[in-house]
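**Q**
Number of protein chains: 2
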Amino acid sequence: MTKKELLMLTARRLFAENGFYGTPTARIAKEAEVSNGILFHYFPTKEKLIRAMYIDVKDRIFEYSLGQVYKGATLKESIYTLWLAVVEWYMEHPEDFHFMRQYESSPYYSVDSEMEHRHTQLTLELISEGMEQGIFKTFSAHLLFQIMMKLVQNAVEYIGQHEVLREDFEFRYRLFDVTWDALRKTN
Amino acid sequence: MTKKELLMLTARRLFAENGFYGTPTARIAKEAEVSNGILFHYFPTKEKLIRAMYIDVKDRIFEYSLGQVYKGATLKESIYTLWLAVVEWYMEHPEDFHFMRQYESSPYYSVDSEMEHRHTQLTLELISEGMEQGIFKTFSAHLLFQIMMKLVQNAVEYIGQHEVLREDFEFRYRLFDVTWDALRKTN
DNA sequence: ATAAAGATCGACTAATCAGTCAAAATTGTA
DNA sequence: TACAATTTTGACTGATTAGTCGATCTTTAT
Chain A
4 MTKKELLMLT ARRLFAENGF YGTPTARIAK EAEVSNGILF HYFPTKEKLI
54 RAMYIDVKDR IFEYSLGQVY KGATLKESIY TLWLAVVEWY MEHPEDFHFM
104 RQYESSPYYS VDSEMEHRHT QLTLELISEG MEQGIFKTFS AHLLFQIMMK
154 LVQNAVEYIG QHEVLREDFE FRYRLFDVTW DALRKTN
Chain B
4 MTKKELLMLT ARRLFAENGF YGTPTARIAK EAEVSNGILF HYFPTKEKLI
54 RAMYIDVKDR IFEYSLGQVY KGATLKESIY TLWLAVVEWY MEHPEDFHFM
104 RQYESSPYYS VDSEMEHRHT QLTLELISEG MEQGIFKTFS AHLLFQIMMK
154 LVQNAVEYIG QHEVLREDFE FRYRLFDVTW DALRKTN
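As they're listed, the protein sequences go chains A and B. With our numbering as the guide, the letters of the first sequence map in order to residues 4 to 190. With our numbering as the guide, the letters of the second sequence map in order to residues 4 to 190.
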């Protein structure tokens with residue numbers, strides 16, 4: 004692992020534990036067992052470090068999700084797969100989850116920039132498909148995407164609050180049904 | 004307005020603009036046109052100020068919501084009223100919204116403490132009612148509450164991103180339908 | 001009127017922290 | 001080997017900031 008990666012890894016953990024502002028750059032370097040200076044060699048400012056970490060999390064989630072989707076699945080299956088991929092990723096990587104939560108309510112975040120990411124694009128394509136098929140409520144795909152992501156957040160938080168549910172696959176599927184009903188046209 | 008209230012008011016604005024950590028206590032006092040010392044007279048630490056503000060926002064939302072609910076309404080109407088009250092409160096008070104968003108992803112927040120607030124209690128009662136009537140999905144009332152609040156957040160954010168929708172009452176109702184479908188047992 | 005209690009002031013401090021820099025170590029290359 | 005480029009070091013600094021404190025003003029009660 005390069006020092007750059009090591010720094011981002013350590014920063015992720017510390018940011019999750021103590022927040023962006025509760026974590027001095029000096030401490031990141033110390034716990035990564037590298038010098039203070041090298042942090043600023045790779046990330047000229049703390050803000051640049053945080054922004055780089057955001058892109059990194061998004062990229063890793065994208066790669067993981069891509070590995071899960073199958074051709075030939077129904078729309079519901081595909082959406083479920085994507086939903087579940089993100090939920091499980093965050094369950095396995097709580098530091099990523101806490102980081103994103105902070106980032107998204109920090110001054111750095113903008114919705115527009117989120118829309119540029121490959122993971123968002125991929126999900127939007129699927130949602131658009133569902134809209135064309137008349138399965139979903141008639142809203143903009145962006146709105147449905149944001150609703151879906153909020154409910155992902157909810158699922159991760161709720162399961163996180165209740166250890167018992169960690170291994171409960173049926174529960175996860177029932178939680179997905181909440182999302183599915185939220186998006187789809189109901190009778 | 005007392006200096007204490009004035010300080011909280013100013014802090015709310017500045018926190019929304021620059022975040023908790025981007026806002027020095029000295030600046031809060033300065034823009035509230037009171038002395039630095041008086042801030043620490045009322046709020047011994049910055050953390051205590053932030054916590055007091057959280058309770059204050061919750062209380063004001065509770066009072067506003069209470070004024071909206073009617074006896075004799077159907078369950079759906081009641082839930083809608085509560086949902087809409089929070090959405091509209093946040094639309095009218097974006098500083099409160101930004102403050103809460105930050106607070107809820109800060110180290111200060113805990114779900115348990117949220118559950119103690121009167122506004123949460125009120126909403127939980129209604130949700131429990133719906134569960135007894137078999138209208139809602141069979142989950143814990145807490146979970147349904149959290150889902151509802153996430154979708155409130157989504158509504159406020161989305162309308163905030165699209166000025167045109169600010170006065171669109173029908174759109175708001177259609178957004179509520181997303182929440183309603185998420186909570187209820189569907190066919 | 002007098003005293004006690006509380007409110008208000010603002011200059012001050014002790015600590016913290018993001019970012020710098022010149023030098024040293026390491027790596028690549030001819 | 002020699003030389004340049006790159007990586008790495010860690011002591012240092014300038015600025016910022018939460019919180020203190022003794023003094024002064026205002027209110028309330030007797």
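No residue lacks a Cβ here, since even glycine has one placed at the ideal position from N, Cα and C.
For Tyr111 of chain B and Ala185 of chain B, what's the separation of their Cα atoms in angstroms?
**A** Here residue 111 of chain B refers to the residue found at position 108 of the second sequence. Here residue 185 of chain B refers to the residue found at position 182 of the second sequence. Taking the straight line joining both Cα atoms gives about 29 Å.
**Q** Under the three-state reduction of DSSP, which class applies to Phe18 of chain B: helix, strand or coil?
**A** Here residue 18 of chain B refers to the residue found at position 15 of the second sequence. Three-state DSSP puts Phe18 of chain B in a helix.
**Q** For a test of the three-state rule: what should DSSP assign to Phe23 of chain A, helix, strand or coil?
**A** Your numbering for residue 23 of chain A matches position 20 in the first sequence. Three-state result, Phe23 of chain A: coil.
**Q** How many Å lie between Pro47 of chain A and Phe23 of chain A at the Cα?
**A** As a first step, residue 47 of chain A must be located in the first sequence, where it is residue number 44. As a first step, residue 23 of chain A must be located in the first sequence, where it is residue number 20. In a straight line, the C-alpha of Pro47 of chain A is about 16 Å away from that of Phe23 of chain A.
**Q** Take Ala29 of chain B and list the residues in its own chain whose beta-carbon comes closer than 8 Å to its own, dropping the five residues that flank it on each side.
**A** In the second sequence, counting from the first residue as 1, residue 29 of chain B sits at position 26. Cβ within range, chain order: Asn39.
**Q** Just the Cα atoms here: how many angstroms apart are Ser143 of chain B and Ala158 of chain B?
**A** Locating residue 143 of chain B in the second sequence gives position 140, counting from the first residue. Locating residue 158 of chain B in the second sequence gives position 155, counting from the first residue. If you take the alpha carbons of Ser143 of chain B and Ala158 of chain B, they lie about 23 Å apart.
**Q** Can you give the Cα-Cα distance for Phe179 of chain B and Lys188 of chain B, rounded to whole angstroms?
**A** The residue you call residue 179 of chain B lines up with position 176 of the second sequence. The residue you call residue 188 of chain B lines up with position 185 of the second sequence. Spanning the two alpha carbons is a distance of roughly 16 Å.
**Q** Would you mind sorting Ile150 of chain B into buried or exposed? The rule is 16 or more other CB atoms within 10 Å of its CB.
**A** Position 147 of the second sequence, counting from 1, holds the residue named residue 150 of chain B. Buried, since its Cβ has 16 or more Cβ neighbours within 10 Å.
**Q** Could you name each continuous alpha helix (DSSP H) segment of 4 residues or more that falls completely within the stretch 29–85 of chain A, going from the start of the chain to the end?
**A** DSSP runs (the alpha helix (DSSP H)) wholly in the stretch 29–85 of chain A: 39–45 and 49–69.
**Q** For my contact list, Lys153 of chain A and Leu154 of chain B are in at a C-beta cut-off of 8 Å; report their separation, rounded to the angstrom.
**A** What you label residue 153 of chain A is simply residue 150 of the first sequence in a count that begins at 1. What you label residue 154 of chain B is simply residue 151 of the second sequence in a count that begins at 1. 7 Å between Cβ atoms; contact.
**Q** Based on Cα-Cα distance, which residue from A:Glu91, A:Ile53 and A:His44 lies nearest to Arg175 of chain A?
**A** Along the first sequence, read from residue 1 onward, the residue named residue 175 of chain A stands at position 172. Residue A:Glu91 is the option with its Cα nearest to Arg175 of chain A.
**Q** At 7 Å on the CB atoms, spell out the chain A contacts of Ser108 of chain B, in chain order.
**A** Counted from its first residue, the second sequence places residue 108 of chain B at position 105. Simply Arg104, Gln105 and Ser108.
**Q** Only counting runs of 4 or more residues, tell me where the alpha helix (DSSP H) segments fall wholly within the stretch 121–155 of chain B, in order along the chain.
**A** List check, alpha helix (DSSP H) in window: 121–135.
**Q** Our contact map puts Phe102 of chain B next to Arg15 of chain B with C-beta atoms below 8 Å; I'd like the distance itself, whole angstroms only.
**A** Reading the second sequence from its first residue, position 99 is the one you call residue 102 of chain B. Reading the second sequence from its first residue, position 12 is the one you call residue 15 of chain B. Going by Cβ atoms, the distance from Phe102 of chain B to Arg15 of chain B rounds to 6 Å, so yes, they are a contact pair.
**Q** So, is Ala76 of chain A buried or exposed, given that buried needs 16 or more other C-beta atoms within 10 angstroms?
**A** Translated into the one-based positions of the first sequence, residue 76 of chain A becomes position 73. When all chains shown are included, Ala76 of chain A counts as exposed.
**Q** Determine whether the Cβ of Lys79 of chain B lies closer than 7 Å to any Cβ atom of chain A.
**A** For the purposes of this step, residue 79 of chain B is taken as the residue at position 76 of the second sequence. No, because no Cβ of chain A sits closer than 7 Å to the Cβ of Lys79 of chain B.
**Q** Using only alpha-carbon positions, find the residue among B:Ile82, B:Ala35 and B:Ile162 that is nearest to Tyr128 of chain B.
**A** On the second sequence, residue 128 of chain B is found 125 positions in, with the first residue counted as 1. At residue 128 of chain B the sequence reads Glu, which differs from the Tyr that was named. Nearest of B:Ile82, B:Ala35 and B:Ile162 to Glu128 of chain B, Cα basis: B:Ile82.
**Q** Where do the ends of the alpha helix (DSSP H) carrying Leu178 of chain A lie?
**A** As a working mapping, residue 178 of chain A is identified with position 175 in the first sequence. Here the alpha helix (DSSP H) through Leu178 of chain A covers Phe172 to Leu186.
**Q** For Ala35 of chain B, which residues of its own chain have a beta-carbon under 6 Å away from its beta-carbon, when the five flanking residues on both sides are left out?
**A** Here residue 35 of chain B refers to the residue found at position 32 of the second sequence. Counting only Cβ-Cβ distances below 6 Å, and skipping sequence neighbours, we find Leu9, Leu10 and Thr13.
**Q** From this set, A:Gln124, A:Gln164, A:Asp115 and A:Ile41, which residue's C-alpha is nearest Ser68 of chain A's C-alpha?
**A** As a position in the first sequence, residue 68 of chain A is number 65, starting the count at 1. Here the closest residue by C-alpha is A:Gln124.
**Q** Assign Pro97 of chain A to one of three DSSP states: helix, strand, or coil.
**A** Numbered from 1 along the first sequence, position 94 holds the residue referred to as residue 97 of chain A. Correct three-state label for Pro97 of chain A: helix.
**Q** Does Ala76 of chain A have its Cβ less than 7 Å from a Cβ in chain B?
**A** Residue numbering aside, residue 76 of chain A sits at position 73 when the first sequence is read from its first letter. Not an interface residue.
**Q** Could you tell me the boundaries of the alpha helix (DSSP H) in which Val114 of chain A lies?
**A** Residue mapping note: residue 114 of chain A aligns to position 111 of the first sequence, counting from 1. Per DSSP, Val114 of chain A belongs to the alpha helix (DSSP H) from Val114 to Met118.
**Q** Along the stretch 117–147 of chain B, what residues have a CB closer than 8 Å to any CB found in chain A?
**A** Taking 8 Å as the Cβ-Cβ cut-off against chain A, the residues of the stretch 117–147 of chain B that qualify are Lys140, Phe142 and Leu146.
**Q** Looking only at C-alpha atoms, which of B:Asp171, B:Met4, B:Arg63 and B:Val37 sits nearest to Phe100 of chain B?
**A** Your numbering for residue 100 of chain B matches position 97 in the second sequence. Out of B:Asp171, B:Met4, B:Arg63 and B:Val37, B:Arg63 has the C-alpha closest to the C-alpha of Phe100 of chain B.
**Q** Can you give me the C-alpha to C-alpha distance between Thr84 of chain B and Tyr45 of chain A, rounded to a whole angstrom?
**A** Counting from one through the second sequence, the residue named residue 84 of chain B turns up at place 81. Counting from one through the first sequence, the residue named residue 45 of chain A turns up at place 42. When rounded, the distance between both Cα atoms is 52 Å.
**Q** So Asn190 of chain A contacts chain B; which residues on that side make the cut at Cβ distance below 8 Å?
**A** For the purposes of this step, residue 190 of chain A is taken as residue 187 along the first sequence, with counting starting at 1. The answer, in chain order, is Thr189 and Asn190.
**Q** For Lys61 of chain A and His122 of chain A, which I take to be in contact (beta-carbon distance under 8 Å), what is that distance rounded to the nearest angstrom?
**A** Stepping through the first sequence from its first residue, residue 61 of chain A is reached at position 58. Stepping through the first sequence from its first residue, residue 122 of chain A is reached at position 119. The pair is a contact, with the Cβ atoms about 6 Å apart (cut-off 8 Å).
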